[in-house]
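Working notes for the structure below.
There are 2 protein chains.
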Amino acid sequence: MATEPRLHVDTDLKAGGEIALEKDQAHYLRNVMRLGHGATLKLFNGRDGEWRAAIDHVSKSRVDVALLDQVRAQAEEPDLWLLFAPIKGKRVDTIAEKAGELGASEIRPVLTERTVVGRVNTERLAANAREAAEQCERLTLPTVHEPQKLETVIAAWPEDRQLLFADERANAAPIAEALAQCCPGGRWAVLIGPEGGFSPSEQQMIRALPQSVPVSLGPRLLRADTAAFAALALWQAHLGDWRNGDGGFE
Amino acid sequence: MATEPRLHVDTDLKAGGEIALEKDQAHYLRNVMRLGHGATLKLFNGRDGEWRAAIDHVSKSRVDVALLDQVRAQAEEPDLWLLFAPIKGKRVDTIAEKAGELGASEIRPVLTERTVVGRVNTERLAANAREAAEQCERLTLPTVHEPQKLETVIAAWPEDRQLLFADERANAAPIAEALAQCCPGGRWAVLIGPEGGFSPSEQQMIRALPQSVPVSLGPRLLRADTAAFAALALWQAHLGDWRNGDGGFE
Numbered sequence: 001m002a003t004e005p006r007l008h009v010d011t012d013l014k015a016g017g018e019i020a021l022e023k024d025q026a027h028y029l030r031n032v033m034r035l036g037h038g039a040t041l042k043l044f045n046g047r048d049g050e051w052r053a054a055i056d057h058v059s060k061s062r063v064d065v066a067l068l069d070q071v072r073a074q075a076e077e078p079d080l081w082l083l084f085a086p087i088k089g090k091r092v093d094t095i096a097e098k099a100g101e102l103g104a105s106e107i108r109p110v111l112t113e114r115t116v117v118g119r120v121n122t123e124r125l126a127a128n129a130r131e132a133a134e135q136c137e138r139l140t141l142p143t144v145h146e147p148q149k150l151e152t153v154i155a156a157w158p159e160d161r162q163l164l165f166a167d168e169r170a171n172a173a174p175i176a177e178a179l180a181q182c183c184p185g186g187r188w189a190v191l192i193g194p195e196g197g198f199s200p201s202e203q204q205m206i207r208a209l210p211q212s213v214p215v216s217l218g219p220r221l222l223r224a225d226t227a228a229f230a231a232l233a234l235w236q237a238h239l240g241d242w243r244n245g246d247g248g249f250e
Numbered sequence: 001m002a003t004e005p006r007l008h009v010d011t012d013l014k015a016g017g018e019i020a021l022e023k024d025q026a027h028y029l030r031n032v033m034r035l036g037h038g039a040t041l042k043l044f045n046g047r048d049g050e051w052r053a054a055i056d057h058v059s060k061s062r063v064d065v066a067l068l069d070q071v072r073a074q075a076e077e078p079d080l081w082l083l084f085a086p087i088k089g090k091r092v093d094t095i096a097e098k099a100g101e102l103g104a105s106e107i108r109p110v111l112t113e114r115t116v117v118g119r120v121n122t123e124r125l126a127a128n129a130r131e132a133a134e135q136c137e138r139l140t141l142p143t144v145h146e147p148q149k150l151e152t153v154i155a156a157w158p159e160d161r162q163l164l165f166a167d168e169r170a171n172a173a174p175i176a177e178a179l180a181q182c183c184p185g186g187r188w189a190v191l192i193g194p195e196g197g198f199s200p201s202e203q204q205m206i207r208a209l210p211q212s213v214p215v216s217l218g219p220r221l222l223r224a225d226t227a228a229f230a231a232l233a234l235w236q237a238h239l240g241d242w243r244n245g246d247g248g249f250e
């Protein structure tokens with residue numbers, strides 16, 4: 001199935017516009033997709049909706065496109081942060097990719113007492129999230145933040161943002177039951193702990209936040225990436241933009 | 001955090017039992033975990049619950065363990081098949097791993113019109129699912145089947161098994177809404193299509209099954225692996241063993 005390429009750009013998108021694509025994108029269209037003059041693609045920038053464009057100049061060093069028409073208007077998207085303790089290897093790439101697909105608005109690595117990985121390649125996280133956003137037809141990119149200490153994040157927690165967190169203690173409410181009692185939309189975050197779990201004092205600190213909604217993700221011990229995918233999907237299904245069969249978000 | 005190793009064995013587990021572990025497992029305990037005489041571990045076989053055991057013989061060629069006591073009794077687990085069209089590369093390994101963690105009872109690759117990958121390494125799928133089951137404290141392993149054609153699977157579909165399928169058509173019900181109308185427990189399957197989606201005739205064939213429950217997974221175009229994780233998690237949260245905060249399953 002030949003599908004039109006879909007790329008994120010920083011430039012404004014408007015009728016009659018001309019864009020010189022970034023080097024990587026030019027390389028991708030010319031050498032990987034082997035597209036030439038007249039081929040069409042889709043562009044979005046997170047502000048001006050989605051536009052169809054046509055390649056009108058290809059050279060060894062650049063690809064220019066002309067904007068044709070707006071295909072979709074910009075629409076509001078769920079305001080859902082993903083906070084997670086960085087983990088090793090490819091799993092962290094997959095977390096960024098799935099956060100892109102599952103509609104997280106911000107990706108925020110948090111350092112916890114039991115976090116083993118100290119350095120986080122945020123550029124790589126952003127690249128994975130961006131590729132996922134391009135492929136899944138999202139109209140925005142998730143913003144990727146530099147890692148912060150969990151206690152710093154909790155100390156400055158916004159009053160108007162609820163915090164869904166996977167709690168390993170036995171007395172947390174099952175996630176579907178907890179979410180069924182919340183109002184759709186609003187500002188939210190999902191918080192996933194490190195592989196060894198939060199420390200007791202961290203658990204206490206998180207639970208003490210009035211905005212925190214502790215939930216259980218069942219009887220099996222989930223890896224951090226699995227817990228993140230599950231919590232994001234459950235949130236979207238109950239409170240986010242999976243609630244409408246036609247895909248709209250209020 | 002030093003955690004006790006947890007391994008699946010085929011042997012019966014009973015008080016006073018002695019087990020010579022498989023070669024790979026012996027290697028893992030001796031050379032990777034560097035355990036010696038007296039070290040304890042946990043074993044399960046899918047029938048006799050979970051047992052604590054102690055290493056009582058280590059040599060270059062083998063590790064023997066003595067069964068100490070039963071830690072958990074065998075319990076019923078959700079009857080949830082995962083049917084998916086095989087995809088390329090590491091993503092298929094991750095699907096098997098997450099199916100293990102998210103409590104799928106059977107993993108069944110299905111070949112569809114738009115399936116690009118013909119060969120499936122079912123041994124590798126089983127190894128990934130097994131490792132996940134060992135780590136996540138499940139009491140069973142998912143059974144991995146050889147690939148079958150989708151039309152063969154649908155033609156022989158069991159009368160008493162419902163089929164949750166991610167339908168890209170606009171008029172499918174949002175997944176949380178659809179699941180809220182179903183009774184918990186029972187026999188179920190989740191069916192995920194290939195990256196290019198089901199063909200129109202396949203969609204018609206699946207929809208024509210009286211057991212089929214078409215659902216929407218939101219406005220973004222999810223990759224097959226993401227759709228599988230989301231559908232399994234939503235099913236467990238609504239109808240499976242995530243419904244009870246204490247982890248039990250009725």
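So the protein sequences, as listed, match chains A and B.
For the first sequence, position 164 (counting from the first letter as 1) is numbered 164 according to our numbering, and the numbering increases by one without interruption.
For the second sequence, position 79 (counting from the first letter as 1) is numbered 79 according to our numbering, and the numbering increases by one without interruption.
The beta-carbon is built from N, C-alpha and C at its ideal position, and this holds for glycine as well.
Amino acids of chain B, ordered along the chain, whose beta-carbon sits closer than 7 Å to that of residue i
| i | result |
| --- | --- |
| Glu137/A | Arg220 and Leu221 |
| Lys98/A | Thr226 |
Residue closest to residue i, alpha-carbon to alpha-carbon, out of the options
| i | options | result |
| --- | --- | --- |
| Asp79/A | Asp160/A, Asn121/A, Arg34/A and Val32/A | Asp160/A |
| Tyr28/A | His37/A, Asn45/A, Pro5/A and Leu13/A | Pro5/A |
| Gly118/A | Ala237/A, Leu221/A, Pro194/A and His238/A | Pro194/A |
| Leu7/B | Asp64/B, Gln25/B, Gln148/B and Lys14/B | Gln25/B |
| Leu163/B | Thr112/B, Gly196/B and Ala231/B | Ala231/B |
| Thr226/A | Thr94/B, Arg114/B, Lys88/B and Ala20/B | Thr94/B |
| Ala99/A | Phe229/A, Leu150/A and Gly240/A | Phe229/A |
| Gln70/B | Leu139/B, Ala129/B and Met33/B | Leu139/B |
| Phe44/A | Gln135/A, Lys88/A and Thr112/A | Gln135/A |
| Pro279/B | Leu13/B, Ile87/B, Glu131/B and Cys182/B | Lying before the first or after the last residue shown, residue 279/B is absent from chain B, which here runs from 1 to 250. |
| Gly38/B | Lys60/B, Lys14/B and Asp64/B | Asp64/B |
| Glu76/B | Val120/B, Asp12/B and Arg187/B | Arg187/B |
| Arg47/A | Gln211/A, Pro184/A and Lys14/A | Lys14/A |
| Ala224/B | Gly185/A, Glu101/A and Met205/A | Glu101/A |
| Thr3/A | Ile206/B, Ala189/B and Gly196/B | Gly196/B |
| Val92/B | Ala189/B, Val144/B and Ala54/B | Val144/B |
Cβ distance (whole Å) where residue i is taken to contact residue j below 8 Å
| i | j | result |
| --- | --- | --- |
| Ala66/A | Glu18/A | 6 Å |
| Ile192/A | Ala85/A | 7 Å |
| Leu68/A | Arg52/A | 5 Å |
| Leu83/A | Val116/A | The pair is not a contact, with the Cβ atoms about 17 Å apart (cut-off 8 Å). |
| Arg62/B | Ala20/B | 6 Å |
| Pro158/A | Ser105/A | Wrong, their Cβ atoms sit about 13 Å apart, outside the cutoff. |
| Val58/B | Arg30/B | 6 Å |
Proximal chain B residues relative to residue i, where beta-carbon distance stays under 8 Å
| i | result |
| --- | --- |
| Pro174/A | Ala237, Trp242, Arg243, Asn244 and Gly245 |
| Thr140/A | Correct list: empty, because the minimum Cβ distance to chain B is about 11 Å. |
| Ala127/A | Those within 8 Å of Ala127/A in chain B number zero; the least Cβ separation is about 16 Å. |
| Phe229/A | Lys98, Thr226, Phe229, Ala230 and Ala233 |
Proximal residues of chain B, C-beta to C-beta of residue i below 9 Å
| i | result |
| --- | --- |
| Leu217/A | Ala233, Gln236, Ala237 and Trp242 |
| Phe198/A | Going along chain B, no residue has its Cβ under 9 Å from Phe198/A, so there is no contact; the nearest lies around 12 Å. |
Those residues which DSSP pairs with residue i across a bridge
| i | result |
| --- | --- |
| Arg161/A | Arg187/A |
| Phe84/A | Pro109/A and Ile192/A |
| Ile55/A | Val65/A |
| His8/B | Phe44/B |
| Ser216/B | Pro174/B |
| Asp79/A | Arg187/A |
| Arg72/A | Glu50/A |
| Glu18/B | Ala66/B |
| Ala166/B | Val215/B |
| Val251/B | Nothing in the structure corresponds to residue 251/B, since chain B is present only between 1 and 250. |
| Lys149/B | Leu111/B |
Per-residue contacts from residue i into chain A (C-beta, under 9 Å)
| i | result |
| --- | --- |
| Gly103/B | Gly218, Pro219 and Arg220 |
Proximity of residue i and residue j at Cβ, strictly below 8 Å
| i | j | result |
| --- | --- | --- |
| Leu270/B | Ile154/B | Because chain B spans 1 through 250 in this model, residue 270/B falls outside it and cannot be assessed. |
| Gln74/B | Gly49/B | yes |
| Asp167/A | Ser216/A | yes |
| Ile175/A | Trp242/B | yes |
| Ser199/A | Glu113/A | yes |
| Leu172/B | Pro214/B | One detail in the question is off: residue 172/B reads as Ala in this sequence, not Leu. Cβ distance < 8 Å, so Ala172/B and Pro214/B count as in contact. |
| Leu239/A | Cys182/A | yes |
| Ala233/A | Ala233/B | yes |
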